[in-house]
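J.: The sequence shown: position 106 = 105 (numbering that gives the first Met the number 0), numbered continuously. Positions of the beta carbon are idealized from the N, C-alpha and C atoms, including for glycine. All figures in this text were calculated on a predicted structure; none of them were measured in a lab.
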Amino acid sequence: MRFFVAGTMQGSQRGSKTISQGYRQQIEEIINATCTDWEVVCPQKEMFSMLSEKRRNIEESHQKLSTLKNMSSEDYDGNIKLLTSTFHHLVNVAANCDVCVAYLPGHEASMGTAMEIYSAYLNNRYIIVITEMNQNLAILSCANQIISRTDGLGEVLSRFL
Numbered sequence: 000m001r002f003f004v005a006g007t008m009q010g011s012q013r014g015s016k017t018i019s020q021g022y023r024q025q026i027e028e029i030i031n032a033t034c035t036d037w038e039v040v041c042p043q044k045e046m047f048s049m050l051s052e053k054r055r056n057i058e059e060s061h062q063k064l065s066t067l068k069n070m071s072s073e074d075y076d077g078n079i080k081l082l083t084s085t086f087h088h089l090v091n092v093a094a095n096c097d098v099c100v101a102y103l104p105g106h107e108a109s110m111g112t113a114m115e116i117y118s119a120y121l122n123n124r125y126i127i128v129i130t131e132m133n134q135n136l137a138i139l140s141c142a143n144q145i146i147s148r149t150d151g152l153g154e155v156l157s158r159f160l
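(1) Quick check: W37 and I30, are their CB atoms within less than 8 Å of each other?
(2) Taking the Cβ atom as the reference point for each residue, do I116 and C96 lie within a distance shorter than 8 Å?
(3) Can the beta-carbon of N91 be found closer than 8 Å to that of S72?
(4) Between S157, Y75, S51, which lies nearest to Q62 when the distance is taken from Cα to Cα?
(5) Determine the burial state of F47: buried for a count of at least 16 other Cβ atoms within 10 Å of its Cβ, exposed for fewer.
(6) Quick check: the Cα distance between E154 and G105, rounded to an integer number of angstroms?
(7) Where does L103 sit, in a helix, a strand or coil, going by DSSP?
(8) So for Q24, helix, strand or coil by DSSP?
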């Protein structure tokens with residue numbers, strides 16, 4: 000069985016800025032302490048692995064997008080096409096894992112995480128969302144469990160398994 004660790008990377012940040020990703024290690028440690036012999040899939044690690052050889056070129060192409068006022072997906076260069084196809088692949092991976100654990104800190108939404116959650120939902124996966132946004136309609140509509148902090152994850156996993 001596999002866990003997919005979804006969570007805010009870029010959020011509302013501009014350009015290639017990201018929020019701290021330390022939560023990924025914390026969630027993985029909780030899963031591994033609670034659920035032995037389960038695979039943990041981290042989309043950040045997967046993305047970096049898949050794009051490592053082209054990372055610099057992708058970053059340059061991504062930066063150039065900030066100068067455009069209008070764009071068509073048909074006009075994306077090869078680097079942006081590779082980046083977006085990798086994202087599509089990872090959303091599909093979320094749909095095919097058994098459990099999606101999504102981390103959405105504070106009240107900052109993440110469009111990528113929302114897509115991963117929804118993809119998992121459409122494929123009848125178990126979804127645990129760690130967030131304080133317990134009134135958000137998208138989360139209420141897709142999550143099996145909503146917890147406010149990561150320290151409650153172990154207990155939820157123990158009951159689930």
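T.: In short, the structure shows the following:
(1) Numbered from its first residue, the sequence shown carries residue 37 at position 38. Numbered from its first residue, the sequence shown carries residue 30 at position 31. Closer than 8 Å, so yes.
(2) For the purposes of this step, residue 116 is identified with residue 117 of the sequence shown, where counting begins at 1. For the purposes of this step, residue 96 is identified with residue 97 of the sequence shown, where counting begins at 1. Taking 8 Å as the Cβ cut-off, I116 and C96 do not qualify as a contacting pair.
(3) By one-based count along the sequence shown, residue 91 stands at place 92. By one-based count along the sequence shown, residue 72 stands at place 73. Against a cut-off of 8 Å, the Cβ pair of S72 and N91 comes out as no contact.
(4) Your numbering for residue 62 matches position 63 in the sequence shown. Per the Cα distances, Y75.
(5) Here residue 47 corresponds to residue number 48 of the sequence shown, with the count starting at 1. Under this definition F47 is an exposed residue.
(6) The residue given as residue 154 occupies position 155 in the sequence shown. The residue given as residue 105 occupies position 106 in the sequence shown. Straight-line Cα distance between these residues: approximately 21 Å.
(7) Taking the first residue of the sequence shown as position 1, residue 103 is located at position 104. In this structure, L103 counts as strand in the three-state DSSP scheme.
(8) Walking along the sequence shown from the start, residue 24 turns up at place 25. Helix, per DSSP.
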